[in-house]
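To start, the structure under review is shown below, and the notes come after it.
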Amino acid sequence: MKQFLQFLSTTSTNLNSFAVIQKHLNTKTLVSPTVKAMRSKRRFSNSSEPVLPVVENKKDKKLKGLEASPVSKKYIAKESDVNSHSIEIERLRNDPAKMDTLTVEELRKTLRSIKVPAKGRKDDLLSALKSFMDNNDSCELDPQAREEHEKRLLAASENTSMEVTTKKVFDEDPVDDVNDRRLKQSRSAKKTVKVANKKKLSVKSDDVSGCKPSREKRKVSSDIISVVAQSEEISTAIQTEPWTLFAHKKPQKGWIAYNPRTMRPPPLTQDTKFVKILSWNVNGLRALLKLEGFSALARREDFDVLCLQETKLQEKDIKQIKQRLVDGYDNSFWTCSVSKLGYSGTSIISRIKPLSVRYGLGVSDHDGEGRLVTAEFDTFYLICGYVPNSGDGLRRLTYRVTEWDASLSNYLKELEKSKPVILTGDLNCAHEEIDIYNPAGNKRSAGFTDEERQSFATNFLSKGFVDTFRRQHPGVVGYTYWGYRHGGRKTNKGWRLDYFLVSESIADKVHDSYIIPDVTGSDHCPIGLILKL
């Protein structure tokens, strides 16, 4: 049992961004030739503790060039060099009504002068300018400090011009407005910096003769260091946790980005009985076998059941794959496409032996592509599904919304007559505008057409099945799919296509429905469900 799915030992998990819970380190891994398997003696999980991404703390990083120190060179920061734009900003600050009279070109010129992005319509430009004035006092750094400050911020933001969701930036109060979540960083030698004590500070050096900086100037320099340190910490979070960026082209008031570090509930107590299920569209299992690192996720999550979609395996591959399973996950059930080899495919892998297993919907027209596996457990049915994509040119749209969805809905309702149902997998539909980065630009894209969204509501939600993530996080933007083509994962421009839908009768037993966005290796990331029994 040398390597299970190095896909489970095989995904480039960002191990440094999550703290591995100690108790999970002692549980068996699904895969791995290098990890010793440990058989679990318990039937269900008894640890639901969320694993939190960790951001490297850079507050202690030494900031060269910004320390208060005796000045050995003479220089003069002339007011004409630093105040040319500050005067205009102060004039607008004192008379806000004048902003509305500015032309688009004047607004853009003003925004560029203070190094704020100047794109969009007039409303966008006005909003950006007002946001800048609300959140920035008119303080200026001396030329040398300003130059060092700019180099440091530029290095941190060279590859990033993204919106940031954060509860505190530079010790400010939390801000809900999207424009106020932008991290403004300047590349000019006339950077305006908001310091932690929120005072207007103007650093001048008229004629320095080697004497020590005054107490006031030392305090100013200390404030600047504090600002840069906090700015670098935010930049680090952007680079290591891109999923925490608020990215949406049509944001609504109150929406925020999903952050598993802060949004998952406390773990259940040791005496609470529950089951933990993971689901993941792996986009080709054989490709994942070439990667390394996923075994840590298996230890970390310590799941009871794993559902896979789009394995792209053939029947001849299954025996070899099953031989790689390690002790503790001996129950695995696979279905492959026979109508088109190396296409689609789903699987359920479990440490719990199910009461029964069935494949497909029982309808020949739908069961040739290996899209469904159902496992019956003591208190629920678990269905791992990979819903057909409507395809290029929406060629399968009619089949999807008039045949497949209706057949799947009827199948679920039939199962529900005997016990509650859990449907998980890639359902290939971003149901609401909050579930997709660019709703307006994808109205006729597979996965976000009006027909698919309506079918999703009609055949599943209206039939009593609950979208567990959306119920737990009603105003949260959390994606599970990022296309490779445009590097959407780095900028968090994605879709939420993967779901846990449960019968209404067990919806209140859901302790946590969550996304695991740090796991790479596929264009989808895993999702998880913790259900109290």
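Counting in full-length UniProt numbering, the sequence shown runs from 1 upward without gaps. Even glycine gets a Cβ: it sits at the ideal position worked out from N, Cα and C.
Are the beta-carbon atoms belonging to residue i and residue j less than 8 angstroms from one another?
i, j, result
"glutamine 372", "glycine 360", "A quick correction: the sequence has leucine, not glutamine, at residue 372. It is a contact, given that the beta carbons lie within the stated cut-off."
"valine 401", "serine 455", "yes"
"tyrosine 484", "leucine 497", "no"
"arginine 108", "alanine 118", "yes"
"tyrosine 258", "isoleucine 516", "no"
"leucine 278", "proline 526", "yes"
"glycine 447", "tryptophan 495", "yes"
"lysine 273", "alanine 440", "no"
"threonine 311", "valine 282", "yes"
"leucine 415", "tyrosine 499", "no"
"glutamate 376", "leucine 355", "yes"
"tyrosine 386", "serine 344", "yes"
"asparagine 459", "aspartate 378", "no"
"lysine 413", "lysine 463", "yes"
"cysteine 384", "isoleucine 348", "yes"
"leucine 313", "tryptophan 334", "yes"
Considering residue i, what are the terminal residues of the beta strand (DSSP E) in which it resides?
i, result
"aspartate 498", "498-503"
"valine 373", "372-376"
"isoleucine 277", "274-281"
"lysine 322", "Looking at the DSSP string, lysine 322 is not in any beta strand (DSSP E); the run it does join, the alpha helix (DSSP H), is 315-323."
"lysine 532", "527-532"
"glutamine 309", "305-309"
"serine 347", "346-350"
"tyrosine 386", "381-386"
Nearest CA to the CA of residue i: which residue from the options?
i, options, result
"alanine 507", "Lys353, Leu497, Leu423, Leu397", "Leu423"
"arginine 351", "Trp404, Lys276, Phe132", "Lys276"
"arginine 444", "Phe469, Leu306, Cys429, Ala457", "Cys429"
"glycine 370", "Tyr381, Arg358, Thr346", "Thr346"
"leucine 285", "Gln320, Glu376, Asp124", "Gln320"
"glycine 368", "Glu315, Lys253, Phe132", "Glu315"
"histidine 511", "Asp518, Val519, Val502", "Val502"
"phenylalanine 380", "Tyr411, Leu533, Thr520", "Leu533"
"serine 332", "Ala406, Glu433, Val357", "Val357"
"glutamate 90", "Phe465, Leu129, Val104", "Leu129"
"asparagine 492", "Leu291, Trp280, Leu245", "Leu245"
"leucine 325", "Pro265, Leu306, Val116", "Leu306"
"arginine 471", "Ala287, Leu288, Ser513, Val519", "Ser513"
"glycine 254", "Lys417, Glu452, His431, Val477", "Val477"
"glycine 488", "Thr101, Ile114, Trp243", "Trp243"
"residue 581", "Val466, Glu432, Val363", "Beyond the ends of the chain as shown, which are 1 and 533, falls residue 581; an answer cannot be given."
"valine 363", "Leu397, Val519, Lys417, Glu403", "Glu403"
"leucine 382", "Pro388, Asn389, Lys353", "Lys353"
What did DSSP end up calling residue i once you bin it into helix, strand or coil?
i, result
"glycine 403", "Looking at the sequence provided, one finds glutamate at residue 403 rather than glycine. Three-state result, glutamate 403: helix."
"aspartate 426", "strand"
"arginine 358", "strand"
"phenylalanine 333", "strand"
"tyrosine 437", "coil"
"alanine 77", "Below a pLDDT of 50, predicted positions are generally treated as unreliable, and alanine 77, at 40, falls in that range; the measurement from the model is reported next regardless. Residue state, collapsed to three classes: coil."
"leucine 126", "helix"
"isoleucine 516", "coil"
"leucine 268", "coil"
"alanine 118", "coil"
"lysine 190", "Model confidence at lysine 190 stands at a pLDDT of 37, short of 50, so the residue's coordinates are unreliable; what they give is reported in the following sentence. Residue state, collapsed to three classes: coil."
"tyrosine 411", "helix"
May I ask which residues mark the beginning and end of the alpha helix (DSSP H) holding residue i?
i, result
"glutamine 472", "468-472"
"threonine 491", "488-491"
"serine 113", "104-113"
"leucine 288", "285-288"
Taking the alpha-carbon positions, what's the residue i to residue j distance?
i, j, result
"methionine 263", "tyrosine 479", "14 angstroms"
"arginine 121", "cysteine 336", "51 angstroms"
"tyrosine 437", "glycine 425", "20 angstroms"
"aspartate 124", "aspartate 304", "49 angstroms"
"lysine 490", "alanine 247", "11 angstroms"
"aspartate 450", "arginine 395", "15 angstroms"
"histidine 24", "asparagine 442", "Note that histidine 24 scores a pLDDT of 40, beneath 50, so its modelled location is shaky and nothing firm can be said."
"arginine 299", "asparagine 410", "37 angstroms"
"leucine 531", "aspartate 302", "14 angstroms"
"aspartate 317", "threonine 374", "21 angstroms"
"histidine 524", "valine 104", "41 angstroms"
"residue 576", "threonine 468", "As displayed, the chain neither begins before 1 nor continues past 533, which places residue 576 out of reach and without an answer."
"leucine 461", "glutamate 106", "50 angstroms"
"leucine 341", "proline 260", "37 angstroms"
"glycine 393", "histidine 366", "21 angstroms"
"glycine 521", "leucine 308", "13 angstroms"
"arginine 93", "threonine 110", "13 angstroms"
"asparagine 159", "glutamate 88", "Residue placement at asparagine 159 cannot be trusted, given a pLDDT of 41 that sits under 50; the coordinates are not used to answer."
"glutamate 241", "threonine 269", "29 angstroms"
"proline 266", "serine 113", "47 angstroms"
If we cut at 8 angstroms on Cβ distances, does residue i have a partner in chain B?
i, result
"serine 337", "In the displayed structure, chain B is absent; only one protein chain is listed."
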